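J.: For reference, the structure I am asking about is given below.
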Amino acid sequence: LKTVNDPELGIDIWHLGLVYQIAIDDDGNVKIDYTLTTMGCPIGPMIEDEVQQATSGIEGMGELTMEMVMYPPWTPDKMHPLAKSALGFV
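The numbering of the sequence shown is the numbering used here, which starts it at 55 and goes up by one.
Okay, here's the thing in structure tokens:
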């Protein structure tokens, strides 16, 4: 997920704090709950496509399910310190 960038900010979704939860079941199926920086942000489908591409070659991984969640809402305090620094929040 660190290779999937938010196209508007140029920083990966992991360090931006957009990934809320990753669950893996006994069959290797993966569910990722993620959010967007703003409620009206149109890049959700683009992020899902890029995550699908980034994870498609992982051995033993089953089906990928992604769910966009808007609660709790994303705020800059969810960002990793490196992302905060890159965006001038430090």
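All residues carry an ideal CB built from backbone N, CA and C; glycine is no exception. Computed from a prediction, not measured in an experiment: that's the story for all the values here.
Within 10 Å of its beta-carbon, does residue 89 have 16 or more other beta-carbons around it, so buried, or fewer, so exposed?
T.: Residue 89 comes out buried.
J.: Go through the stretch 60-131 residue by residue and report every complete run of the alpha helix (DSSP H) that reaches 4 residues or more, in order.
T.: For the stretch 60-131, whole alpha helix (DSSP H) runs of length 4 or above, ordered along the chain, are 98-109.
J.: Can you tell me the Cα-Cα spacing of residue 96 and residue 105, whole angstroms?
T.: Rounded to whole angstroms, residue 96 to residue 105 spans 16 angstroms at the Cα level.
J.: By Cβ distance, which residues of its chain are closer than 8 angstroms to residue 61, with the 5 residues on each side in sequence left out?
T.: Cβ neighbours of residue 61 beyond the five flanking positions: 97, 100.
J.: Taking just the CA atoms, how far does residue 103 sit from residue 59?
T.: Between residue 59 and residue 103, the C-alpha separation is close to 12 angstroms.
J.: Measure the beta-carbon distance from residue 118 to residue 84 and round it to whole angstroms, keeping in mind my assumption that it falls under 8 angstroms.
T.: Indeed they touch by this definition, with Cβ atoms about 5 angstroms apart.
J.: Are residue 82 and residue 115 close, meaning C-beta to C-beta below 7 angstroms?
T.: Against a cut-off of 7 angstroms, the Cβ pair of residue 115 and residue 82 comes out as a contact.
J.: Have a look at 68, 79, 133 and flag the residue whose alpha-carbon is nearest the alpha-carbon of residue 56.
T.: Among 68, 79, 133, the Cα nearest to that of residue 56 belongs to 68.
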